[in-house]
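Accompanying notes for the structure given below.
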Amino acid sequence: MRSVLLVEDDIFDTMTAEKSFAKFNVPHQLHTAFNGEEALDLLLGRNGAEALRPLPEVILLDLNMPRMNGIEFLTELRGNPEFHHIPVFITTTSSMDVDRLSAEKLGVSGYILKPLDFESTTDLADSLSLLEKLLN
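Residues in the sequence shown are numbered from 1 upward in steps of one, following the UniProt record's numbering.
Rendered as structure tokens:
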């Protein structure tokens, strides 16, 4: 079963992503964290969290979150050789996000416009195609 980690602080966006993933017809397990710190806890198995094993095959990452934002999380992720290879897609409400350049320097695989309703626009259909390739 394929593993996906969604790092998102908005419960509505999380629920929308869960509903959208149900449409994939690909066996997957969706893990969620509400900020970068919780995501690192899941990856590292710290602060009482059980480590995600196998590692997620893709991470969907919101940039604007409390405690540890997406750029801070991505910096930590890319600095750890165990996690450096995991593809990360940034989820954003804007195609002109100021943090995109910082994220690109940290090796993101792409961008997905929120809400994560993968069938609502052509751009999201393209994003779904990319994710399906990663999950198949």
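Note that the Cβ used here is the ideal one computed from N, Cα and C, for glycine as well.
Inter-residue CB distance, residue i and residue j (contact presumed, cutoff 8 Å)
| i | j | result |
| --- | --- | --- |
| THR32 | GLU50 | Not confirmed; about 14 Å, so no contact. |
| GLU38 | SER3 | About 16 Å; that fails the 8 Å criterion. |
Nearest neighbour of residue i, chosen from the options [CA to CA]
| i | options | result |
| --- | --- | --- |
| LEU77 | ILE59, ASN47, TYR111, PRO54 | ILE59 |
| GLY107 | PHE12, ARG53, LEU61, MET15 | LEU61 |
| PHE73 | LEU40, TYR111, GLY110 | LEU40 |
| PRO81 | LEU63, LEU55, ARG100 | LEU55 |
| ARG53 | VAL88, LYS19, SER109, PHE83 | PHE83 |
Proximal residues to residue i (C-beta, below 6 Å), its chain only, five neighbours per side dropped
| i | result |
| --- | --- |
| PHE34 | ASP9 |
| PHE21 | LEU30 |
Nonlocal neighbours in the same chain, by C-beta distance under 7 Å from residue i, ignoring five residues either side
| i | result |
| --- | --- |
| ASP123 | Because the pLDDT of ASP123 is 45, which lies under 50, any placement of that residue in the model is unreliable, and the number read from its coordinates should be weighed accordingly. Excluding positions up to five away in sequence, the list reads LEU113. |
| ILE71 | LEU63, ASP99, SER102, ALA103 |
Short Cβ contact (8 Å threshold) for residue i with residue j
| i | j | result |
| --- | --- | --- |
| ALA103 | ILE86 | no |
| LEU42 | LEU5 | yes |
| THR92 | TYR111 | yes |
8 Å Cβ shell around residue i - same chain, five flanking residues per side excluded
| i | result |
| --- | --- |
| MET15 | none |
### Message
Counting beta carbon pairs with one atom in the stretch 8–22 and one in the stretch 61–73, are three or more of them shorter than 8 Å?
### Response
yes
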